[in-house]
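Q:
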Amino acid sequence: MDNLAISVRRATPDDAVALATLVNRAYDIERSFVEGDRTTETEVAELTRSGAFLVLEHGQGLAAAIYLERRGEGAYFGMLSVDPALQGMGLGTRLVRIAEAMAEAMGATYMTLRIVNLREELERWYKGLGYRAVGTSPYAARPVKQPVHFVEMHKHLGGELALPDRAGLSLGAA
599 MDNLAISVRR ATPDDAVALA TLVNRAYDIE RSFVEGDRTT ETEVAELTRS GAFLVLEHGQ
659 GLAAAIYLER RGEGAYFGML SVDPALQGMG LGTRLVRIAE AMAEAMGATY MTLRIVNLRE
719 ELERWYKGLG YRAVGTSPYA ARPVKQPVHF VEMHKHLGGE LALPDRAGLS LGAA
């Protein structure tokens, strides 16, 4: 992990090109079952205004990123992305833990995320971080090559156990 940033910063709309490139490289593995890129520069720039992309830098580029947004009593994260050359170094875990701490500091009592069901390794990985599957939702983000849906996952953040009501669990496009 030489030269990897030891601190995290909040991305700005000026980071949209680099962020979209990082996210699309990290999500390239999904091209076997979905069409097209995971995101666009425009979507990333919009998301930097509605929530926060947290990034770790490596040299002159981005090593990893995560999108965090407060939603009601909880928080949502998505687009967890680690440069494929740097995967397996704990950067994803580090960013998830930072996002959880930030969400809790903002008063969120739970964290939500969603993954595609065909990425079974992600469900196992998130379960190892304390998340549990709480439901499914349709996948309509991009054209698909085979049937796919989202698995919604949830984790309680400190304090008393607070579960979101299903009607209030808002999982947006991120």
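For the sequence shown, counting from 1, position 115 maps to 713 in the numbering used here; every step adds exactly one.
Don't be surprised by glycine CBs; every beta carbon is placed ideally from N, CA and C.
Every value quoted in this text rests on a predicted model; they were computed, and no experiment measured them.
Residues in its own chain within less than 6 Å of Tyr724 by CB, not counting five upstream and five downstream?
A: By one-based count along the sequence shown, residue 724 stands at place 126. Within the same chain, Tyr724 has close Cβ partners Met751.
Q: Of all the options Lys743, Val694, Gly726, Val642, which has the alpha carbon lying nearest to the alpha carbon of Val606?
A: To locate residue 606, count along the sequence shown from 1; it is residue 8. Nearest option by C-alpha distance: Val694.
Q: Check Glu633 in the structure and name its three-state DSSP category.
A: Residue mapping note: residue 633 aligns to position 35 of the sequence shown, counting from 1. Note: Glu633 maps to coil in three-state DSSP.
Q: Going by DSSP, what residues sit across from Ala731 in a beta bridge?
A: Here residue 731 refers to the residue found at position 133 when the sequence shown is read from its first residue. Answer is Met751, bridged to Ala731.
Q: Going by DSSP, what residue range makes up the alpha helix (DSSP H) through Met704?
A: Position 106 of the sequence shown, counting from 1, holds the residue named residue 704. From DSSP, Met704 is part of no alpha helix (DSSP H); its letter is neither H nor E.
Q: Would you mind reading off the limits of the beta strand (DSSP E) that contains Gly670?
A: Position 72 of the sequence shown holds residue 670. Per DSSP, Gly670 belongs to no beta strand (DSSP E) and is neither H nor E.
Q: When burial is assigned at 16 or more other CB atoms within 10 Å of the CB, is Ile627 buried or exposed?
A: Taking the sequence shown and counting its residues from 1, the one referred to as residue 627 is at position 29. It counts as exposed.
Q: Determine, using beta-carbon pairs with one atom in the region 608-625 and one in the region 639-649, whether at least three such pairs fall under 8 Å.
A: A contact exists between the region 608-625 and the region 639-649.
Q: Is the separation between the beta-carbon of Arg717 and that of Ser735 shorter than 9 Å?
A: As a first step, residue 717 must be located in the sequence shown, where it is residue number 119. As a first step, residue 735 must be located in the sequence shown, where it is residue number 137. Not a contact, by the Cβ cut-off of 9 Å.
Q: Would you mind stating whether Arg730 and Ala706 have Cβ atoms separated by less than 9 Å?
A: The residue you call residue 730 lines up with position 132 of the sequence shown. The residue you call residue 706 lines up with position 108 of the sequence shown. Taking 9 Å as the Cβ cut-off, Arg730 and Ala706 do not qualify as a contacting pair.
Q: Quick check on the DSSP output: the alpha helix (DSSP H) that includes Val642 runs from which residue to which?
A: The count along the sequence shown starts at 1 and reaches residue 642 at position 44. Element bounds for Val642: 639-648.
Q: Over the uninterrupted alpha helix (DSSP H) stretch that includes Glu721, give me the two end residues.
A: In the sequence shown, the residue the question calls residue 721 occupies position 123. Note, Glu721: alpha helix (DSSP H), 718-726.
Q: Measure the C-alpha to C-alpha separation of Gln685 and Gln744 and round it to an integer number of angstroms.
A: Taking the sequence shown and counting its residues from 1, one reaches residue 685 at position 87. Taking the sequence shown and counting its residues from 1, one reaches residue 744 at position 146. Spanning the two alpha carbons is a distance of roughly 26 Å.
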